[in-house]
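Since the structure comes first, as structure tokens, the remarks are kept for the end.
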Amino acid sequence: MKKTHFKTFTTILILILTLLCSQQFTSLYNKTNSNSNYLSVHFIDVGQGDCILINVNDYNLLIDSGPSTARNDLLNYLDKLDIFKLDYVIATHPHEDHIGNMDALIRKYHIGKFLAPKATASTITFENMVTALNDKNLKISVISTGSNSINLGTGTSITFYTLPNININDELNLYSPIIKFTYKNISFLFTGDAELENEKFLTDNKINLKSDILKIGHHGSSSSTSEVFLNSVNPKVAIISVGSKNKYGHPAYSTLNLLKNHHIKIYRTDLLGSIIIKSDGSSFSISYQ
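If you count by mature numbering (1 follows the signal peptide of the UniProt record, and there is no 0), then the sequence shown holds residues -26 to -1, 1 to 263, one letter each, in order.
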């Protein structure tokens, strides 16, 4: 009888400890992801493309969606974060590696506002995105310089910088807005596939680009990230969203050397997977998976 009681007690104790450990893990996870005083920025690994999720004050903002080849990985990633709504979705420009999954996201999630530049592309990917928007009765809000009426709650500010007077025949990358996002004392600069011309317009006009974290333009191509621009931003950290062994040779050695010479810490999705930056508004931490 004593042995039986001991075994029963031991079994119950193990079950209680298991439950307590599970509850502690869940509590920590929820504290990190739902605390309104905490910011999470996910540079999601979508291979050769861009996809960034900002979560703050219970708002979700998505910048680009990566190529269609990453569809399952992207949807699974968002599912694991329990994403059920996207308050704002931004398509920086209509290249497949940036809008390849927009149709799926539009159909799956409630979207509050969809933003894109006044640019079109004669591709199935672009047509699929427009069809999905029409099916959901969502209109495209054309991106212009300014806040574009985006509100991510207390302690945040967001400003778009666009290149004026773009010709319809110009390279689509030029339509990419450069977006400065600030949460309290921590700032990010998101660049899409902005080119040297976009950067020069901002530096020539003495725009305050100073940011702690810089998403390197155009996957680290040599057609982005001039030294003048980098000096203006003066980041602590550089994020490069890029596919492993891609055919374009991204990121360029010249870009990597420039960052290293400026002693900027580099994080790459092709080497690390998805990169997550979390902040309380005064400091930030970086993890990857």
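Even glycine gets a Cβ: it sits at the ideal position worked out from N, Cα and C.
Would you tell me roughly how many angstroms separate the C-alpha atoms of residue 271 and Phe58, rounded to the nearest one? One cannot answer for residue 271 here, as it falls past the ends of the chain, which runs -26 to 263.
Using the DSSP secondary-structure output, state which residues sit across from Ile249 in a beta bridge. The beta-bridge partner set that DSSP reports for Ile249 consists of Phe17, Tyr262.
Starting from the N-terminal side, write out each stretch of the alpha helix (DSSP H) that is 4 residues or longer and does not extend beyond the region 22 to 69. Contiguous alpha helix (DSSP H) elements confined to the region 22 to 69 occur at 45 to 54, taking only those with 4 or more residues.
What are the boundary residues of the alpha helix (DSSP H) that Thr99 is part of? Counting along the chain, the alpha helix (DSSP H) containing Thr99 begins and ends at 98 to 109.
For Tyr157, write down the residues that DSSP places opposite it in a beta bridge. Beta-bridge partners assigned by DSSP to Tyr157: Thr130, Ile160.
Say whether the region 138 to 158 touches the region 169 to 179, bearing in mind that this needs 3 or more beta-carbon pairs closer than 8 angstroms, one atom from each stretch. Touching, per the Cβ criterion.
Report all residues from its chain with a CB closer than 6 angstroms to the CB of Val63; omit the five preceding and five following residues, and keep chain order. Sequence-distant partners of Val63 (beyond 5 residues in either direction) whose C-beta falls short of 6 angstroms from its own C-beta, in its chain, are Leu36, Ile85, Phe88.
For Val30, count neighbouring C-beta atoms within 10 Å of its own C-beta (all shown protein chains included) and say buried if the count is 16 or more, exposed if not. Note on Val30: 16 or more other CB atoms within 10 angstroms of its CB, so buried under the neighbour-count rule.
Check for me: the alpha helix (DSSP H) holding Lys92 runs from which residue to which? Lys92 -> no alpha helix (DSSP H), and no H or E assigned at all.
If you follow the alpha helix (DSSP H) that Ile80 is part of, which residue opens it and which one closes it? Counting along the chain, the alpha helix (DSSP H) containing Ile80 begins and ends at 76 to 82.
Compute the distance between the beta-carbons of Ser248 and Asp19, then report whether it is under 8 angstroms. Against a cut-off of 8 angstroms, the Cβ pair of Asp19 and Ser248 comes out as a contact.
Please say whether Leu183 and Lys154 have beta carbons closer to each other than 8 angstroms? Yes, Cβ-Cβ distance for Lys154 and Leu183 is below 8 angstroms.
Bridge partners of Gly120, per DSSP? Gly120 pairs with Phe134.
Of all the options Asn141, Phe162, Lys113, Asn143, which has the alpha carbon lying nearest to the alpha carbon of Thr133? Per the C-alpha coordinates, the member of Asn141, Phe162, Lys113, Asn143 positioned closest to Thr133 is Phe162.
Ordered list of alpha helix (DSSP H) runs contained in the region 139 to 204, each at least 4 residues: Positions of the alpha helix (DSSP H) runs, each at least 4 residues long and wholly inside the region 139 to 204, are given as 170 to 178 in order along the chain.
Do you know whose CA, among Leu137, Asn205, Asn11, lies nearest Ser118's CA? The residue with the shortest Cα to Cα distance from Ser118 is Leu137.
Can you give me the C-alpha to C-alpha distance between Thr243 and Thr229, rounded to a whole angstrom? Across the structure, Thr243 and Thr229 are spaced so that their CA atoms are roughly 16 angstroms apart.
Once DSSP output is grouped into helix, strand and coil, what is the label at Asp254? When secondary structure is reduced to three states using DSSP, Asp254 falls in the coil class, being assigned neither helix nor strand.
Beta-carbon separation (whole angstroms), Thr177 vs Val211, contact threshold 8 angstroms: For Thr177 against Val211, the beta-carbon gap comes to about 20 angstroms, at or over 8 angstroms, which does not count as contact.
Which residues does DSSP list as the beta-bridge partners of Ser218? In the DSSP assignment, no residue is bridged to Ser218.
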